[in-house]
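Right, one structure below, let's go through it.
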Amino acid sequence: MRQRTSGPSDRPPPTRHRPRAAALAAQVLCVLVAGATAGCASLASPTAEVGADRMTDPRPARDGGTLTIALKSDPDKLDPTLASTAVGRTVFTAMCEKLYDVDAENRIVPQLAAAPPTTGDGGRTVTIKLRRGVRFADGTRMDAKAVKTSLDRHRTLTGSVRASELKPLTSVQAVGDDTVRLRLAKPYVPLLALLADRAGMVMSPTALKRYGKGFASHPTCVGPFRYAERVVGDRIVLDKDPNYYDADAVHLRRVIYRTIIDGNVRLANLQSGDIQVGDQMDPVQVGRALTEPGLQLFHSPSLGYYGLTLNIGNTKGAGAPPGRIDTPIARDVRVREAFDLSLDRDLINTIVFQGRYRPTCGPLPSGTPYATGSRCPARDLAKAKRLLRAAKVTTPVRVRLQISTTPEDNRLGQVIQAMAKEAGFAVSLTPTEFATGLEHSRAGDFQAATTNWSGRLDPAGNIDVFAGTGGAQNYGGLSDPAIDRLIAEGGATAGKPARKKIYARLVERVRAAHTVLYLIQPTNYVSVTEKVAGLKVFGDGLIRVKDAGYVKGGS
Amino acid sequence: MSAAATALPAAEERARAPLAPLSRLRLLTRNKLALTGAVAAAILVLIAVCAPLIAPYDPARPDFAAALQEPGWAHWLGTDDLGRDQLSRVVYGVRASLQIGLLAVALAFAAGVPLGLIAGYYGRFADSVVSRLTDTLLAFPFLVLAVGLATILGPSLLNATIAVGVSQIPAVIRITRAETLRLKHLDYVAAAVVGGGGDGTVLFRHILPGALSALTVQATVGIPTAIIGEALLSFLGLGVQPPSPSLGVMLSSAQAYIAAAPWMAVFPGLAIIAATLAFNLLGDGLRDILDPQGDSR
Amino acid sequence: MPYPIRRLGESLITLFLVSVVVFAGVRALPGDTATALAGEEPTPEAIAQIRESYGLDDNIVVQYLRYVRHAATGDLGVSSRTGLPVLDSVMEALPVTLELSALALLLAVVVGVGAGVVAAVRRGRPEEWLVNAVALLGLSVPAFWLGIVLVLAFAIAVPVFAASGFVPFGVDPMENLRHMVLPVIVLGSGLAAVVMRQTRAAMLGSLSADYVRTARAKGLSRRQVIMGHALRNSLVTVVTVLGLQLGHLISGAVVTEQIFVLPGFGKLTIDAVFSRDYAMVQGVVLFTSTAYILVNLLVDLAYSVIDPRIRLGGAQ
Numbered sequence: 001m002r003q004r005t006s007g008p009s010d011r012p013p014p015t016r017h018r019p020r021a022a023a024l025a026a027q028v029l030c031v032l033v034a035g036a037t038a039g040c041a042s043l044a045s046p047t048a049e050v051g052a053d054r055m056t057d058p059r060p061a062r063d064g065g066t067l068t069i070a071l072k073s074d075p076d077k078l079d080p081t082l083a084s085t086a087v088g089r090t091v092f093t094a095m096c097e098k099l100y101d102v103d104a105e106n107r108i109v110p111q112l113a114a115a116p117p118t119t120g121d122g123g124r125t126v127t128i129k130l131r132r133g134v135r136f137a138d139g140t141r142m143d144a145k146a147v148k149t150s151l152d153r154h155r156t157l158t159g160s161v162r163a164s165e166l167k168p169l170t171s172v173q174a175v176g177d178d179t180v181r182l183r184l185a186k187p188y189v190p191l192l193a194l195l196a197d198r199a200g201m202v203m204s205p206t207a208l209k210r211y212g213k214g215f216a217s218h219p220t221c222v223g224p225f226r227y228a229e230r231v232v233g234d235r236i237v238l239d240k241d242p243n244y245y246d247a248d249a250v251h252l253r254r255v256i257y258r259t260i261i262d263g264n265v266r267l268a269n270l271q272s273g274d275i276q277v278g279d280q281m282d283p284v285q286v287g288r289a290l291t292e293p294g295l296q297l298f299h300s301p302s303l304g305y306y307g308l309t310l311n312i313g314n315t316k317g318a319g320a321p322p323g324r325i326d327t328p329i330a331r332d333v334r335v336r337e338a339f340d341l342s343l344d345r346d347l348i349n350t351i352v353f354q355g356r357y358r359p360t361c362g363p364l365p366s367g368t369p370y371a372t373g374s375r376c377p378a379r380d381l382a383k384a385k386r387l388l389r390a391a392k393v394t395t396p397v398r399v400r401l402q403i404s405t406t407p408e409d410n411r412l413g414q415v416i417q418a419m420a421k422e423a424g425f426a427v428s429l430t431p432t433e434f435a436t437g438l439e440h441s442r443a444g445d446f447q448a449a450t451t452n453w454s455g456r457l458d459p460a461g462n463i464d465v466f467a468g469t470g471g472a473q474n475y476g477g478l479s480d481p482a483i484d485r486l487i488a489e490g491g492a493t494a495g496k497p498a499r500k501k502i503y504a505r506l507v508e509r510v511r512a513a514h515t516v517l518y519l520i521q522p523t524n525y526v527s528v529t530e531k532v533a534g535l536k537v538f539g540d541g542l543i544r545v546k547d548a549g550y551v552k553g554g555s
Numbered sequence: 001m002s003a004a005a006t007a008l009p010a011a012e013e014r015a016r017a018p019l020a021p022l023s024r025l026r027l028l029t030r031n032k033l034a035l036t037g038a039v040a041a042a043i044l045v046l047i048a049v050c051a052p053l054i055a056p057y058d059p060a061r062p063d064f065a066a067a068l069q070e071p072g073w074a075h076w077l078g079t080d081d082l083g084r085d086q087l088s089r090v091v092y093g094v095r096a097s098l099q100i101g102l103l104a105v106a107l108a109f110a111a112g113v114p115l116g117l118i119a120g121y122y123g124r125f126a127d128s129v130v131s132r133l134t135d136t137l138l139a140f141p142f143l144v145l146a147v148g149l150a151t152i153l154g155p156s157l158l159n160a161t162i163a164v165g166v167s168q169i170p171a172v173i174r175i176t177r178a179e180t181l182r183l184k185h186l187d188y189v190a191a192a193v194v195g196g197g198g199d200g201t202v203l204f205r206h207i208l209p210g211a212l213s214a215l216t217v218q219a220t221v222g223i224p225t226a227i228i229g230e231a232l233l234s235f236l237g238l239g240v241q242p243p244s245p246s247l248g249v250m251l252s253s254a255q256a257y258i259a260a261a262p263w264m265a266v267f268p269g270l271a272i273i274a275a276t277l278a279f280n281l282l283g284d285g286l287r288d289i290l291d292p293q294g295d296s297r
Numbered sequence: 001m002p003y004p005i006r007r008l009g010e011s012l013i014t015l016f017l018v019s020v021v022v023f024a025g026v027r028a029l030p031g032d033t034a035t036a037l038a039g040e041e042p043t044p045e046a047i048a049q050i051r052e053s054y055g056l057d058d059n060i061v062v063q064y065l066r067y068v069r070h071a072a073t074g075d076l077g078v079s080s081r082t083g084l085p086v087l088d089s090v091m092e093a094l095p096v097t098l099e100l101s102a103l104a105l106l107l108a109v110v111v112g113v114g115a116g117v118v119a120a121v122r123r124g125r126p127e128e129w130l131v132n133a134v135a136l137l138g139l140s141v142p143a144f145w146l147g148i149v150l151v152l153a154f155a156i157a158v159p160v161f162a163a164s165g166f167v168p169f170g171v172d173p174m175e176n177l178r179h180m181v182l183p184v185i186v187l188g189s190g191l192a193a194v195v196m197r198q199t200r201a202a203m204l205g206s207l208s209a210d211y212v213r214t215a216r217a218k219g220l221s222r223r224q225v226i227m228g229h230a231l232r233n234s235l236v237t238v239v240t241v242l243g244l245q246l247g248h249l250i251s252g253a254v255v256t257e258q259i260f261v262l263p264g265f266g267k268l269t270i271d272a273v274f275s276r277d278y279a280m281v282q283g284v285v286l287f288t289s290t291a292y293i294l295v296n297l298l299v300d301l302a303y304s305v306i307d308p309r310i311r312l313g314g315a316q
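Chains as they are written, first to last, in full-length UniProt numbering: chain B, 1 to 555; chain G, 1 to 297; chain V, 1 to 316.
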């Protein structure tokens, strides 16, 4: 089963950094031996500035070589219809191209489509012209029928996580060989962004017929690389696809995705040369990754956010009609606002994320085309206390906060706990493991919970399901007719300036409800050896390897 | 022959008349190993009990301005990622660890000793049932069992204790059962049975006291195991509820800073080693005193 | 009933109980496959569909019988997380865990027995004290902490060994060993301490036993007595203890694999528990439990051949 995945010939010689290593060893020894005495010199890592966003590396690359990328967690099913993790999307970028893609400015550009779509019938039909002469990894031709097969599978396969995204779609029609016409129940602008994500991935109809639900063990799409093998928990191996329409531009012979959960170990493997790319570097390691010779750092503002969801009406499960919850924080928006005002976002960023992310207070973070750019209100303890008095609640107001079991979320929870305490909240923390937490959130079995959303390109993807009545992730049970109306308007309005205005109002309304308290906008940090050129890391945080390769003249 | 002849009455005597507490204590002081362990354990218990007096700071109170300070005069063991005093947290962490160690062992004994007695004494059906139960628990990897329990129960000091305690039950059952089997064939116990002593009398008057030495040793072995078990659960985020300190929680939060602030991992690690070492030493010493032939467990 | 058959019957009952407990146990965890799978798109419809497609709405007894029926034909189901057959993933993980456990066992036996003999023979001397102290330390250091410290020292500060990952032996033996050294030390050290203590205790018992005195009285050399008689008899105890320790070895492997990101059973299980991948949890626990039960069965049977009293004692 196992193939020879790396040999001495295609791996660059390991780089060793003795001086740094020795210094670290000395530090460790110093702490171990000297213990509590003050004999240790400054141990804190130097704080280096990351500077302006860095998303591309234009240096020319030579052909050949294997690139090993370390992911933070193990991807789920490699089936675009059934996949639901963010790391899975990273692997898909190398082997499953989409009808549309995203560029460095978070604009949607054609990928397997030949041009931007044309709309008709007041936005109810969308016509997409396809790129010609494209073949899947198994040699099958990619045509309108293949696109229809994939879209229909996304819409109808049992257990499809795309089905809800594509709900506005009523039918897909292959018009000739290279044109697909989509019919919608009503105009739905966010569709384009979905077609630039997993819903827009086209799978080989031959492979679908042959493997059916077992497609995950033989994923076959159009992409610079094609699936070779997977060892669960360890690696996913992709080889250069000679059938790819732009194969001449692809330099690397092979890409290997490995799972290395611990950030320090990811960095150590980068230093030793065992891997060349470290995905999702934690803020703690960013400083070290910056000062490390031989490493370059890509970083772009993420489309997502860290926040808190307060449960104000979810009694029968998300999606069900909201009920009444009789806690101060659910009952009175003033109490929620007071909670919000007790939090110092800058300090949260400094303490929890080493100052490597940025504070935010809305669902559409900066850098995205619809960002509202509003300034976050500063921490205001006096006002928070005034609001609590006005709400006539007895302090301390007890709040149970559900956090995940990761050390990072533990830090976030404890910082929030300490800050809210000063305003008159007694926050107790319940670390809850992933699936249990999801279950509690869905069922409404929580008072407050930390949220971490990876973010979507279209503003609707960051708002609709979270704030709309009956939204699948409206865990807080928010139900506001005005918000619902604005969501519908935003989805149906095509002109960007008009749409932007709608979302500005929508964001204000959502913020005023204080059901989700938006706190931090993360930055995508990807650490890469300097020997590798041509990588791209955009706002979606995905590592694009199509143009990557080892630098010319390097060993 | 002579060795066996002298060994048997000695064992009987030991079982029939458990040593008076005082003479046990004297034995303890004569055995250097046990003494070291006992003193170390006593110091740890003292630290745990007097934690509020020893800890220079509130272990749960963050001081964001003082985050990640290396060991120095203000904070002997440095501060953690939220600026909390490491020394205070280690002290309270030892307290939490001991609490979990003792409670988990108590739980394992409360469930395991009666089951072991029943299985060993009544044999036959009861033995089969209990033995299959024990085998089933033993066949599960500890971590899967503990992680599963902790996930179902949710994180808290008590639940971590339960998860760790349950995984120790099979060992306690096995030892109690083995001791009961051994003791019930000894002449004096057989005599008591023939003499018309009720089952309860025989079990609690004769068998339990006889098994006490083996159980004492098991308890001292169980405590460090439980401490490490808690650390492991907390390390996976399933242990004590934050911001309460526990040694495992401290290690868990230290992991991200292992290169930037190694003191965060070193001191709780040393504290765990100290705690487990103390009880392992004590256990070894007790084993030498109570079972000089060298118990095979 | 003859002892071997009775013992076999017991093992089968235990296996049945384990399968029931793990089957019910994973389903008792809060949240189910569907919740974990739906991930970022948890619409009620999607969740209902996933539940249906995995047959989670059926009666649990029906589900169990279906599982047993499939398992009997070697079909352990499909992982709900990765969509790959459980048996394939288990078979890929098996060599990793086997190699790790075997090397750790080897380390434990070589170091443990050697040190145990030294400690027993040199009773009351500095050697014994040293060996005892090291063994106690080995027992007292939490494996995951040792793992972190070793990675820091030998993979980051002085990068001689790999910090994580696995290279199959067949692909590159040197790389394989470079990746296995630290995990084997972490897993083997605790076990070595246990083996050392058992060996020492058994040796002390043997050395004071009659037949050893007789052997020495007969004029056999000290070396012959120690190696030929005392050690050989002590090994019976050590083997039994190793059988019992196998369960700990598997648990330990789970932790070790987690630290060093080795794609073995441990990582497979923990990931599966957290993603509510029922088929995977069941498959892995079934494998590890069967291994544990089997080894203990063999140890018991071997023991009963060596020492007939066990058969008698067990049959009464």
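Cβ coordinates follow ideal geometry from the N, Cα and C atoms, glycine included.
Exercise. For glycine 283 of chain V, which residues from the same chain have a beta carbon less than 6 Å from its beta carbon, with the 5 sequence-adjacent residues on both sides left out?
Worked result: Beyond the five residues adjoining it in sequence on each side, glycine 283 of chain V comes within less than 6 Å, by CB distance, of Leu76, Val86, Val90 in the same chain, given in chain order.
Exercise. In three-state terms, what does DSSP make of serine 140 of chain V?
Worked result: In the structure shown, serine 140 of chain V sits in a helix (DSSP, three-state: H, G or I).
Exercise. For tyrosine 357 of chain B versus glycine 200 of chain B, is the C-beta spacing smaller than 8 Å?
Worked result: Result no, Cβ atoms of tyrosine 357 of chain B and glycine 200 of chain B do not sit closer than 8 Å.
Exercise. Under a three-way DSSP split, which group does asparagine 243 of chain B fall into?
Worked result: Three-state DSSP puts asparagine 243 of chain B in coil, outside helix and strand.
For this session: Output, in sequence order along the chain, the residues in the region 123-151 of chain G whose CB is closer than 8 Å to any CB in chain B.
Result: Answer set for the region 123-151 of chain G: Thr151.
Problem set entry | Between the CA atoms of serine 171 of chain B and lysine 209 of chain B - distance to the nearest angstrom | Roughly 21 Å separates the two Cα atoms.
Exercise. Is the CB of aspartate 484 of chain B under 8 Å away from at least one CB in chain G?
Worked result: Answer no: the Cβ-Cβ gap between aspartate 484 of chain B and chain G never drops below 8 Å.
Exercise. For arginine 27 of chain V, does the three-state DSSP call read helix, strand or coil?
Worked result: The answer is helix: DSSP assigns arginine 27 of chain V an H, G or I state.
For this session: Indicate the three-state DSSP secondary structure (helix, strand or coil) for alanine 504 of chain B in the structure shown.
Result: In the structure shown, alanine 504 of chain B sits in a helix (DSSP, three-state: H, G or I).
For this session: Quick one: residues in its chain with C-beta nearer than 6 Å to the C-beta of arginine 131 of chain B, no 5 flanking neighbours on either side, listed in chain order?
Result: Within the same chain, arginine 131 of chain B has close Cβ partners Leu112, Ala114.
For this session: Would you list the one or two residues that DSSP bridges to tryptophan 453 of chain B?
Result: Residue pairing of tryptophan 453 of chain B in beta bridges, as defined by DSSP: B:Tyr305.
Exercise. With a cut-off of 8 Å, does the C-beta of glutamine 241 of chain G fall near any C-beta of chain B?
Worked result: True, the Cβ-Cβ gap to chain B drops below 8 Å.
Problem set entry | Selected residue, minimal CA-CA separation from serine 251 of chain V, among G:Trp263, G:Leu282, G:Ala139 | The residue from G:Trp263, G:Leu282, G:Ala139 with its alpha-carbon nearest to that of serine 251 of chain V is G:Ala139.
For this session: Would you mind listing the beta strand (DSSP E) stretches within the region 40-117 of chain V that are 3+ residues and don't spill past its ends, in chain order?
Result: The qualifying runs do not exist here; there are none.
Exercise. Terminal residues of the continuous beta strand (DSSP E) containing glutamate 229 of chain B?
Worked result: Element bounds for glutamate 229 of chain B: 225-231.
Exercise. What separation, rounded to the nearest whole angstrom, lies between the Cα atoms of leucine 137 of chain V and arginine 389 of chain B?
Worked result: Arginine 389 of chain B has its alpha-carbon roughly 57 Å from the corresponding atom of leucine 137 of chain V.
Problem set entry | Limits of the unbroken alpha helix (DSSP H) element including arginine 266 of chain B | Here the alpha helix (DSSP H) through arginine 266 of chain B covers 263-272.
For this session: Pick out whichever of G:Ala111, G:Ala226, G:Asp187, G:Gly123 has its Cα sitting closest to the Cα of residue 305 of chain G.
Result: Since the displayed chain G opens at 1 and closes at 297, residue 305 of chain G lies outside it and no answer follows.
Exercise. Under 8 Å between the Cβ atoms of asparagine 106 of chain B and proline 369 of chain B?
Worked result: Cβ atoms of asparagine 106 of chain B and proline 369 of chain B: closer than 8 Å.
Exercise. For tyrosine 257 of chain B, which beta-bridge partners are listed by DSSP?
Worked result: DSSP links tyrosine 257 of chain B through a beta bridge to B:Ile69, B:Ile236.
Exercise. With 8 Å set as the bound, which would you pick, yes or no: does the beta-carbon of valine 232 of chain B sit closer than that to a beta-carbon of chain V?
Worked result: Yes - at least one Cβ of chain V is within 8 Å of the one on valine 232 of chain B.
Problem set entry | Any C-beta of chain G under 8 Å from that of leucine 438 of chain B | Judged by the 8 Å Cβ criterion, leucine 438 of chain B is not in contact with chain G.
Exercise. Between the C-alpha atoms of leucine 204 of chain V and valine 255 of chain B, what's the straight-line distance to the nearest angstrom?
Worked result: Taking the straight line joining both Cα atoms gives about 58 Å.
Exercise. Between which two residues does the alpha helix (DSSP H) harbouring isoleucine 487 of chain B extend?
Worked result: For isoleucine 487 of chain B, the uninterrupted alpha helix (DSSP H) run begins and ends at 481-492, by DSSP.
For this session: Determine, using beta carbons only, whether proline 224 of chain G comes closer than 8 Å to chain V.
Result: At least one chain V Cβ lies under 8 Å of proline 224 of chain G.
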